[in-house]
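First the structure, in the form of structure tokens, and then the observations on it.
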Amino acid sequence: MRSVRIGLLGFGQVGAAVARAAGAAQERVRARGLDLVVICALVRDARRPRDLDADAPPLTDAVDTFLSRAYDVVVEVLGGTEPARALVTRALDRGVPVVTANKSLVAAHGAELRALAARRGTSLRYEASALAGVPFIDTLARRPLVADVSRLSGIVNGTSHYVVTAMEAERLPFAEALERARRLGYAEPDPSADVGGRDAAEKLALIGAHVGAPGLSPSAIETTGIDTLEPGDLAAARRLGGAVKPIVFAALEPAGITAFVGPAFVDARHPLAGLEGCANGLRLEGRYVGDLFYSGPGAGPDVTAATILDDVVETMTATGGWAGAATPASGPPCRPPDTAWLARLDFPGDVPDETSLAEFLGAYGVWIRRADGEARGRVRRFLTSRASRARLEGALAAIGAASGAETRAIRVLEA
Ligand SMILES: NC(=O)c1ccc[n+]([C@@H]2O[C@H](COP(=O)([O-])OP(=O)(O)OC[C@H]3O[C@@H](n4cnc5c(N)ncnc54)[C@H](OP(=O)(O)O)[C@@H]3O)[C@@H](O)[C@H]2O)c1
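Residue 1493 is where the sequence shown starts when you use the numbering used here, and the numbers rise one by one after that.
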């Protein structure tokens, strides 16, 4: 039996779950000839009172004390980019393999950390950093033909998905649905990264690095939040033959990458349209895989801890680390795609009839493909033809200027 000494960077929700799971999973792990022991955990404040299990590892807030121990694997669950980057760099530099669940770290520094790991003959794994309960990064990292992807679409943020599902199921306004998510523990006290799309953009950049889009910067991806959605948008989407979901999308074409992050109308035939609640999903379409769909839990301390420990077992038993594409000197050009749109027009006074509306928009190169037939009052919603954001916004601005209508639009993800 080989004893595996684990150093835990962080002992919050996930860190504590890793320590618990390391004990609980012993039987299954021992079958692989390994005995997992968490020997030390680094926290911000070791004196803060905590409700610790009897077999919790010793905690320290002194980095030097943490680093003075010898580890077979370091598990990083601090969150954020610093000091996570500096501490992971120090571990890898000493040849100690690292497992992390930190998507911010991997999105910003994954390529340089993978390269350092390769130089030191060790490894960096981060299966839990995106779709935490769905193992798929290992497959992409090890299998270049599976990873030959031309289009990916996904739901990668459980908080946003829960909020959108609650808005639709109970016709709750955004703020109330978010408050419920907070109460149930599905949203953090500061949910801005989740509902604003930054978390999803980081995960898209991270996944992109394994499917032919290395160096994609989250800040280069068109990102919109779910906070402008109304329950009526979600009901209209169903009538129009789809659902609104918080989507990440990227298409990798010879001419470059197109990508977006934000709420989108998803055609009912798309597998993401059938997911509900906090579920995450990822569809990969490629030359060799055809059409591959993963789905499952995206977060939760226990499932995240299990994925982390599977990474630890992989680290100790598999040969070699994950192949990472070299990062280009500057990130690849990334522009938003031309898509169809689900538009909402809220008129302050008289509502134009459908023909006049269609003619007006058509003059700006935007065509109504299907209108929500159950429109009531002064709001009109419809699906448009494919158009660039600039063209769509030009048409909506013109109708707003002519009628005083308030306008909004979200993208359409086709099946
Ligand atoms: N929660 C989930 O379900 C989930 C799922 C997938 C991935 N993740 C990722 O896992 C990571 C950890 O998440 P979490 O929910 O466990 O976070 P958390 O509960 O906030 O825990 C963070 C831990 O890191 C410690 N820490 C933070 N900054 C530190 C610093 N500067 N120096 C020393 N220690 C520091 C904290 O110390 P104190 O205890 O003293 O505050 C705490 O123990 C994040 O990257 C997150 O995105 C989480």
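We put the beta carbon where it would ideally sit given N, CA and C, even for glycine.
Since the structure is predicted, the reported quantities are computational estimates derived from the model, not experimental observations.
Quiz item: Are the Cβ atoms of ALA1692 and LEU1708 separated by less than 7 Å?
Solution: no
Quiz item: Which residue from GLY1748, ARG1775, GLY1754 and THR1750 puts its Cα closest to that of ARG1761?
Solution: ARG1775
Quiz item: So, helix, strand or coil for VAL1638, using DSSP?
Solution: coil
Practice problem: Determine the contact status of ALA1620 and LYS1595, defining contact as a CB-CB distance below 7 Å. | Solution: no
Quiz item: What do you reckon, is the C-beta of THR1796 under 6 Å from a heavy atom of ligand 1?
Solution: yes
Practice problem: Classify ALA1554 as buried or exposed, calling it buried when 16 or more other Cβ atoms lie within 10 Å of its own Cβ. | Solution: exposed
Quiz item: Which stretch, first to last residue, makes up the beta strand (DSSP E) that contains PRO1755?
Solution: 1748 to 1759
Quiz item: Closest by CA to ILE1713, which one among PRO1844, ASP1830, THR1847 and PHE1752?
Solution: PHE1752
Practice problem: Give the straight-line distance between the Cα atoms of SER1615 and GLY1572, rounded to the nearest whole angstrom. | Solution: 20 Å
Quiz item: Taking the runs of the alpha helix (DSSP H) that are 4 residues or longer, which of them lie wholly in the region 1530 to 1578?
Solution: 1555 to 1559
Practice problem: Can you say whether GLU1680 is buried or exposed, counting buried as having 16 or more other CB atoms within 10 angstroms of its CB? | Solution: exposed
Quiz item: Leaving out the 5 sequence neighbours to the left and right, which residues in its chain are closer than 8 Å to ALA1771 when beta-carbon positions are compared?
Solution: ILE1647, GLY1650, HIS1653, SER1787, GLY1788, PRO1789 and GLY1790
Quiz item: What residues are listed by DSSP as bridge partners for ASP1735?
Solution: Residue identity check: residue 1735 is Ala in the sequence provided, not Asp. Bridge partners of ALA1735: VAL1758.
Exercise. Out of GLY1515, SER1880, HIS1702 and ALA1897, point me to the one whose CA is closest to VAL1843's CA.
Key: ALA1897
Quiz item: Just checking my contact of ALA1514 with ILE1498 at CB under 8 Å: how many whole Å lie between their CB atoms?
Solution: 7 Å
Self-check item: N-terminal and C-terminal residue of the alpha helix (DSSP H) that GLY1685 is part of
Solution: It is Ala, not Gly, that sits at residue 1685 in the sequence shown. Where ALA1685 is concerned, the enclosing alpha helix (DSSP H) stretches over 1684 to 1687.
Quiz prompt | DSSP state of LEU1776 mapped onto helix, strand, coil | solution = strand
Exercise. Tell whether a beta-carbon distance below 7 Å holds between VAL1778 and VAL1641.
Key: Note that residue 1778 is Gly in the sequence shown, not Val. Against a cut-off of 7 Å, the Cβ pair of VAL1641 and GLY1778 comes out as a contact.
Quiz item: Out of ARG1617, PHE1503 and GLY1507, which has the shortest C-alpha to C-alpha gap to ALA1797?
Solution: GLY1507
Self-check item: Strand pairing of ALA1863, partner residues [DSSP]
Solution: PHE1874
Quiz item: What number of angstroms, rounded off, separates the C-alpha of SER1684 from the C-alpha of ARG1690?
Solution: 8 Å
Exercise. Kindly indicate which residue of GLU1866, ARG1872, GLU1885 and GLY1813 has the alpha-carbon position closest to the one of PRO1840.
Key: ARG1872
Self-check item: Whole-angstrom distance between ALA1832 and HIS1702, CA atom to CA atom
Solution: 28 Å
Quiz item: Out of LEU1837, LYS1737, ASP1794 and ARG1674, which has the shortest C-alpha to C-alpha gap to LEU1767?
Solution: LYS1737
Practice problem: Please work out which residues of its chain come closer than 6 Å, Cβ to Cβ, to ARG1883, disregarding the five sequence neighbours upstream and downstream, and give them in chain order. | Solution: GLY1857
Quiz prompt | Strand pairing of ARG1836, partner residues [DSSP] | solution = ARG1873 and ARG1900
Exercise. Grab the span of the alpha helix (DSSP H) containing GLY1790 for me, first residue to last.
Key: Looking at the DSSP string, GLY1790 is not in any alpha helix (DSSP H), and its letter there is neither H nor E.
Quiz item: Is there at least one Cβ from chain B nearer than 7 Å to ALA1887's Cβ?
Solution: Of the chains in the structure shown, none is chain B; there is only one protein chain.
Self-check item: Neighbourhood of VAL1804 by C-beta distance below 6 Å, restricted to the same chain and skipping five residues each side
Solution: VAL1565 and VAL1591
Quiz prompt | Cβ-Cβ distance between ALA1599 and PRO1793 below 7 Å | solution = no
Quiz prompt | Proximity to GLY1700 [Cα-Cα], best of ARG1663, ALA1756, LEU1632 and ASP1682 | solution = LEU1632
Quiz item: Between VAL1758 and LEU1579, what straight-line distance do the alpha-carbon atoms span, to the nearest angstrom?
Solution: 41 Å
Quiz item: Helix, strand or coil: how does DSSP classify GLY1587 here?
Solution: coil
Quiz item: alpha helix (DSSP H) containing ARG1675: first to last residue?
Solution: 1666 to 1675
Quiz item: Under the three-state reduction of DSSP, which class applies to ILE1718: helix, strand or coil?
Solution: coil
Practice problem: Compute every distance between the C-beta of ARG1536 and the non-hydrogen atoms of ligand 1, then say whether any falls below 6 Å. | Solution: yes
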